[in-house]
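Trainee: Taking this note's numbering, the leading residue of the sequence shown gets 915, the next gets one more, and so forth.
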Amino acid sequence: MTAVQELPLTAIVAGNNDRSIFNPAEVTALAESIRQHGLAQPITVRPLPRKGHYEIVAGDRRFRAHQELGAATIPAIVRRMSDREAADVMLIENIQRVDLNPMDEARAYRKRREQFGASVAEIAAVASVSEGRVRSRLRLCSLIDEAQHLVQSGQLGVGYGEAMADLDRNRQLIALRSLNEAKAPTLAWFRSLCGQLLADQAQERLFNLEEFMRANAEGAATGDQPPSFPTAPNLPPMQGKMSVGATLLSYIAELLAGGMQSEAAVVGTVLDGLLRSNNARL
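1) Going along the chain, which unbroken runs of the alpha helix (DSSP H) with 4 or more residues stay wholly within the segment 993–1064?
2) Kindly identify the DSSP beta-bridge partner or partners of Y1165.
3) Give the C-beta separation of I957 and G973 to the nearest angstrom, bearing in mind that I take them to be a contact with Cβ-Cβ under 8 angstroms.
4) Hey, A1032 and Y968 are a contact pair by Cβ (cut 8 angstroms); roughly how many whole angstroms apart?
5) Go ahead and pull the three-state DSSP assignment for Q1066.
6) Which whole-angstrom value is the C-beta distance of I1009 and V1043, which I expect to be below 8 angstroms?
7) According to DSSP, simplified to helix, strand and coil, what is L1081?
8) Does the distance from the CB of R960 to the CB of A1022 come in under 8 angstroms?
9) Distance, Cα to Cα, F1030 vs L1162?
10) Please name the residue in G929, A1035, Q981 whose C-alpha comes closest to that of V1003.
11) Ends of the beta strand (DSSP E) at A943?
12) Would you report the Cα separation of D1114 and D1082, rounded to the nearest angstrom?
13) Can you tell me which of the three DSSP states R964 falls into?
14) Measure the C-alpha to C-alpha separation of L1014 and R964 and round it to an integer number of angstroms.
15) When the Cα of E920 is compared with those of I991, D1018, L1054, Q950, which residue comes out closest?
16) Going along the chain, which residues of its own chain have a beta-carbon closer than 6 angstroms to the beta-carbon of R1195, five neighbours each way excluded?
17) Once you ignore the five residues that flank I970 on each side, which residues in its own chain have a CB closer than 8 angstroms to its CB?
18) Can you tell me where the alpha helix (DSSP H) with L921 in it begins and where it stops?
19) Using the three-state DSSP reduction, which class does T1100 fall into: helix, strand or coil?
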C-alpha cells in the first residue's frame, strides 16, 4: 500500500487539469468540510524533475481548499507515472463528477487523441463511457469559439452544439443568430435548421469541386494551365460530362473492366471520401 505523505503546499503545482472552471462556492464548501472533519481522501501527485517538487494528478479542488484554509501541508500519495498515465488518472477522476462541463470533457478526449494517439475505443475504456459518448463530445471541438463558449457557460445545450458541429464558420454564426432570434426554439427545430444549412453547404462544396475540375480540364486542354496534381499517362483518360460522382463511378467501372483493380480502388477511395465529407448523394 502506498504511504500517505504530508507535503508542503509550496512544493506542489497544479497539473494540466481537464477542468477549466472551478466553482469558488464549491471550493469554499469543501474547505469548510475539511476544516470540520479533515480530508477524507489524500491528493495524488507525481514527482517533477526538480527535486522535492510535485504536480497534482488528482485532487485539484482539495488542494485549492487547503490553500483557502491557509494550510501549510496536505496529505498526498506520491506516484511515479508517465504523462499518459497521469492523464488517464485525471480523466477517470473528472469524468466521475456529474458536473464536468461538456466542453471540458470534449477537450479531455481530444487531448488524449491528439497528444497520445488514443483511439475512441481506448478513450471510452479509460473513461468508462460508451464510444458513442466519446464521438458525440469530440464533435463539440468542431464548434467555433463563440459556440464553445456558450456550451461552456451553459447557455447552449449539448444537443444544440452537436447539431451545428458539421457546419462551417459562417453557417454556425447563422445558426446561432437564428437560434437567438427564434421565439420558441426547440431542439427538433434547430436540428432541422442545421440540416438545411448543411445541405446548402454540401451543394456549395460540390459546386466548387465541379468548378475546380472544369478549370483544370480546360487549362490542360488549352495548354494554358498544367494540372495542379500528378497524373498517370498509362491510365485511360476520364471521359464524360456527367456529375462528378457519376463520372467517377463510370471511370471506376472502366478501370475494373481493364483489369486495373488497384487503380479502381484508389478512385473509389477518393469518391468515398468526397461523398462522406460533403454529405452528398450520387
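Built from N, CA and C at the ideal position, the CB exists for glycine as well.
Mentor: Reading it off the structure:
1) 997–1009, 1016–1030, 1034–1041, 1045–1053
2) In the DSSP output, where bridge partners are listed per residue, Y1165 has none listed.
3) 3 angstroms
4) Actually they do not touch by this definition, with Cβ atoms about 25 angstroms apart.
5) helix
6) 7 angstroms
7) coil
8) no
9) 37 angstroms
10) G929
11) Counting along the chain, A943 falls outside any beta strand (DSSP E), though it belongs to the alpha helix (DSSP H) covering 938–951.
12) 11 angstroms
13) coil
14) 32 angstroms
15) I991
16) Confidence is the limiting factor: at R1195 the pLDDT is only 46, short of 50, which leaves the residue's position unreliable, though a coordinate-based value still follows. Correct list: empty, nothing qualifies.
17) I926, V927, A928, G929, N931, I957, T958, V959, F977
18) Where L921 is concerned, there is no enclosing alpha helix (DSSP H), although the beta strand (DSSP E) it sits in stretches over 918–922.
19) coil
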